[in-house]
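Read the structure below first, then the notes.
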Amino acid sequence: MQSLPTSFSDIVKACHIDDSHPRTTVWHLFESFFGAHGLQLWDVHPTRLWTTVPPDTRPRAPDAFFYRFEAEIDKNYPFTVITPTLCAARTVDGRDVVIRIVCIGEEGLNHLEALRRLATGNIASVIGNHTIPVLQWLTLEHITFAVHPYLSSTDPTNLYFYENTGDLLRHLLQMLEAVEFCHSRLVAHRDVFEQNFLCNFGGRAGPWSADAPPPGQPIRPFRSLFPFMLYLIDFEWAVCFDPGSDPATHLVKGRPINVETYGIPVVYDRPVAPEMDSQELHNPFVADVWQLGTYFKGVAKSNRMPGAALEMIERMTATLPADRPTAHSALLSMRTILSDLSHDELKAQVWIRPIPRNHRADAAA
145 MQSLPTSFSD
155 IVKACHIDDS
165 HPRTTVWHLF
175 ESFFGAHGLQ
185 LWDVHPTRLW
195 TTVPPDTRPR
205 APDAFFYRFE
215 AEIDKNYPFT
225 VITPTLCAAR
235 TVDGRDVVIR
245 IVCIGEEGLN
255 HLEALRRLAT
265 GNIASVIGNH
275 TIPVLQWLTL
285 EHITFAVHPY
295 LSSTDPTNLY
305 FYENTGDLLR
315 HLLQMLEAVE
325 FCHSRLVAHR
335 DVFEQNFLCN
345 FGGRAGPWSA
355 DAPPPGQPIR
365 PFRSLFPFML
375 YLIDFEWAVC
385 FDPGSDPATH
395 LVKGRPINVE
405 TYGIPVVYDR
415 PVAPEMDSQE
425 LHNPFVADVW
435 QLGTYFKGVA
445 KSNRMPGAAL
455 EMIERMTATL
465 PADRPTAHSA
475 LLSMRTILSD
485 LSHDELKAQV
495 WIRPIPRNHR
505 ADAAA
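Everything in the sequence shown is counted per the working numbering, starting at 145 for the first residue and increasing by one.
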């Protein structure tokens, strides 16, 4: 690509070519612009495609958005580029950020509006708001960029076992808080699944990793060791309704993905609520609730949960949208469930240890 992209389709098509790397295909066009704003883009990884590494050998400077184990204090890790509209960068003082192309001309105005409502200015620091903050907005001609904090490099929900019932439910509570806060500002996310939640852990699986403890041993603590916080990301498919608008008009149609934006064959492969595959208009807020509830169901397959929590999850994933709770109602229910549990119930182990194969054979015999 030799000139600034005029659409997201330009970017996707350019990076869809074999062996192309977004850093050298697209982001080289912005290098001097970001340099003038004190941001140095990460470099191409020498051996791994769609991966970048810090531009210097300094360890990441501390900020309010990540914690790490002491053994990792001087380590840097590569950034895997999931989408070509993202690029990691380092500030002059060594802090790491992620830059996102939010808007190109008229494309992405919904994304821009969602982040302005939820993540820009003092609203980003409101208790209960888990939207990834916008640290800075930058504009180059017709392209608008958001500078975000560099959070965990992968979905954190599958890396570590839950320590106990309280740990598990507080984790799910943060996810409910995230979605409820968006809905309270009339923003429906429309892509609520586990990989769109990142956290403020900046390391890798270490001494408290997801390795199963020996039988009879408790789960090693992780989230209780630091102020663990989840953040909701990727608002590119969000829909925003006007404040004061009639709730009866809060409707969308179909799956969120826009094939025209990509310019190449794409498939939306997240779990979808039944109404998202209908040709009828539907309420995106209760579809968000269904998607989050579906993730909760997956968690419940390998972890014990209180009966009240399981009942709430069943309501969240009801086939009929009218039978589902709002995110606000589900959040209140989860808070009540947590407050009603005794100390011993909160400390109860939740992980369901898989039955060894030889035990299965013995049971069958």
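Ideal placement from N, C-alpha and C gives every residue a C-beta, glycine not left out.
Query - Per-residue burial, F366 [other beta carbons within 10 Å of its own, 16 or more giving buried] - result: In summary, F366 is buried, with 16 or more beta-carbon neighbours lying within 10 Å of its beta-carbon over all protein chains present.
Query raised in the report: With 16 other CB atoms within 10 Å as the buried threshold, where does I161 fall?
Result: Exposed: under 16 other Cβ atoms inside 10 Å.
Query raised in the report: Quick one: Cα of V205 to Cα of M478, how far?
Result: According to the sequence displayed, residue 205 carries Ala and not Val. Distance between the alpha carbons of A205 and M478 is about 36 Å.
Report task. Select from M145, F209 and T470 the residue whose C-alpha is nearest the C-alpha of F370. Result -> Measuring from the Cα of F370, the nearest candidate turns out to be F209.
Query raised in the report: How many angstroms separate the CA atom of W281 from the CA atom of I243?
Result: In this structure, the straight-line span from the alpha carbon of W281 to that of I243 is close to 10 Å.
Query raised in the report: Relative to the alpha-carbon of A382, which residue among V278, V331, G347 and F345 has its alpha-carbon at the smallest distance?
Result: Looking from the CA of A382, the closest CA among V278, V331, G347 and F345 belongs to V331.
Requested in this report: Could you say which of G451, A444, P418 and F429 lies nearest to L464 if we only look at CA atoms?
Outcome: The option with the nearest alpha carbon to L464 is P418.
**Report entry** Start-end ranges of the beta strand (DSSP E) lying completely within the region 196 to 268, minimum 3 residues
**Finding:** Taken in chain order, the whole beta strand (DSSP E) runs of length 3 or more contained in the region 196 to 268 are 230 to 235 and 240 to 248.
Query raised in the report: On the premise that I481 lies in contact with A462, defined as a C-beta separation below 8 Å, what is that separation, rounded to the nearest angstrom?
Result: Between the beta-carbon of A462 and that of I481 there is about 18 Å, and that puts the pair past the 8 Å contact cut.
Query raised in the report: Under the rule that 16 or more other beta-carbon atoms within 10 Å means buried, what is F296, buried or exposed?
Result: Reading off the sequence shown, one finds Ser at residue 296, where the question assumed Phe. When all chains shown are included, S296 counts as buried.
**Report entry** For C343, the residue or residues it bridges with in DSSP
**Finding:** Answer by DSSP bridge pairing, in chain order: L374.
Query raised in the report: How is Q184 classed by DSSP in three states: helix, strand or coil?
Result: Annotated three-state conformation of Q184 is strand, per DSSP.
Query raised in the report: Beta carbon of N273, beta carbon of L259: below 8 Å?
Result: At a Cβ-Cβ threshold of 8 Å, N273 and L259 do not count as neighbours.
Query - Limits of the beta strand (DSSP E) - the one that L282 falls within - result: Counted as a single uninterrupted DSSP element, the beta strand (DSSP E) harbouring L282 occupies residues Q280 to L284.
Query - For A392, the three-state DSSP class (helix, strand or coil) - result: When DSSP states are grouped into helix, strand and coil, A392 belongs to the helix group.
Query raised in the report: Just the Cα atoms here: how many angstroms apart are L395 and V430?
Result: Computed Cα separation, rounded: 11 Å.
Requested in this report: Would you mind working out which of T283, L279, V270 and I363 sits nearest I245, comparing C-alpha positions?
Outcome: Nearest to I245 by C-alpha distance, out of T283, L279, V270 and I363, is T283.
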